[in-house]
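Just below is one structure, and these are the notes that go with it.
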Amino acid sequence: MHAQEQINLYIAEQPEWQRPLLVRLRQVIHAVDENIEETWRWNSPGFDHGGIMLGMSGFKQFVSVWFHKGALLKDTHGLFEKLAKSEEKGNRVYKIHQGEAINEKALTDLVKQAIKVNKGGAKLTDAKPARKALVVPPDLEGCLKKNEEAWQHWEKFNYTHKKEYVEWITDAKQEETRKRRIAQALEMIREGTGKEDKYRSN
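Each residue of the sequence shown is one higher than the last, beginning at 621 in the working numbering.
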C-alpha cells in the first residue's frame, strides 16, 4: 500500500473531531512546497523534504504535529510544547486539542524553516542548549570589585572559568570554608588563573 493510501486510511479511522484537523494539516503542509513527499513512518503519517521533516498523529485528547529537527527551528509563535530538560532533544511537538483551531500561519512558517534546515544539511548536534545565567555570589563579587586587578581578570574570564569558581564557593558547607575559598579565589583570579587551569592541557 502506498503512503498516500495508508494516510487516507489512517485519517478515516480517527475520531470524528480529529479527521478534519488531520485533513487540514495535510493541506497546509503540502501548500508550503510542492516537493514535500508523504511517507508512512512509525505507524503514522510523515512528510519529508530532503530527509525526515515532520509527522502528524492523532491521540485521545489531541492531534500532534512533530518536527524532527524542531530544536533548530525558531518557534516565534510559541506553538511547541514546553519540555522538561530531560526531554529536550531534537523533536518539538505542536498539539491541537479538541475545539482548537490550527494556527496555519505559524505552522506554515515552521514548515518553511524545516525545509531550509534540511536543505542546509544542519544536524541536531548544531542545536545548542540555552546557557543558564550565572549568578555570582554577592560576597565573591564584592571582594573582586574591591580589587581592581582581580576584577579586570574576572571580567575577561569566559563562562566556564567563572562557573568553576562560583560552584567551588557555593559548594562550601561552612561559613569559614566559604570565606577561605573566596580569599584563595581572589589570589588566583588576581594572577589570571582559572580554578581548574592546572588540570587543563596546554
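Ideal Cβ positions, reconstructed from N, Cα and C, are used throughout, including at glycine.
On a predicted model such as this, the values are computed, not experimentally measured, just so you know.
Nearest residue (CA-CA) to residue i, options the options
i    : options                : result
G666 : F682, V731, N723       : V731
A604 : I656, I735, Q772, K782 : Examination of residue 604 is not possible in this model, given that the chain is present from 621 through 822 alone.
A828 : Q681, D653, T780       : The structure shown does not extend to residue 828, since the chain is modelled only from 621 to 822, so the question has no answer here.
K694 : I789, W774, G678, D729 : D729
N663 : I656, F679, A651       : F679
E811 : D791, I656, W774       : W774
E761 : G741, E796, A803, K743 : A803
G740 : M673, A770, C763, V713 : M673
Contact check, residue i vs residue j, beta carbons under 8 Å
i    : j    : result
Q634 : L645 : no
N767 : G670 : no
E724 : V648 : yes
K815 : Y785 : yes
Exposure of residue i, with buried meaning 16 or more beta-carbon neighbours within 10 Å
i    : result
A632 : exposed
E807 : exposed
A805 : buried
Beta strand (DSSP E) segment containing residue i, residue limits
i    : result
L674 : 672-678
I722 : Segment: none, I722 is in no beta strand (DSSP E) and carries neither H nor E.
W771 : Looking at the DSSP string, W771 is not in any beta strand (DSSP E); the run it does join, the alpha helix (DSSP H), is 768-776.
Integer-rounded CB distance, given that residue j should sit under 8 Å from residue i
i    : j    : result
Q626 : W660 : 4 Å
V683 : Q638 : 5 Å
R798 : I789 : 6 Å
Boundaries of the alpha helix (DSSP H) in which residue i is found, first to last residue
i    : result
E784 : 779-790
T797 : 795-810
E625 : 623-632
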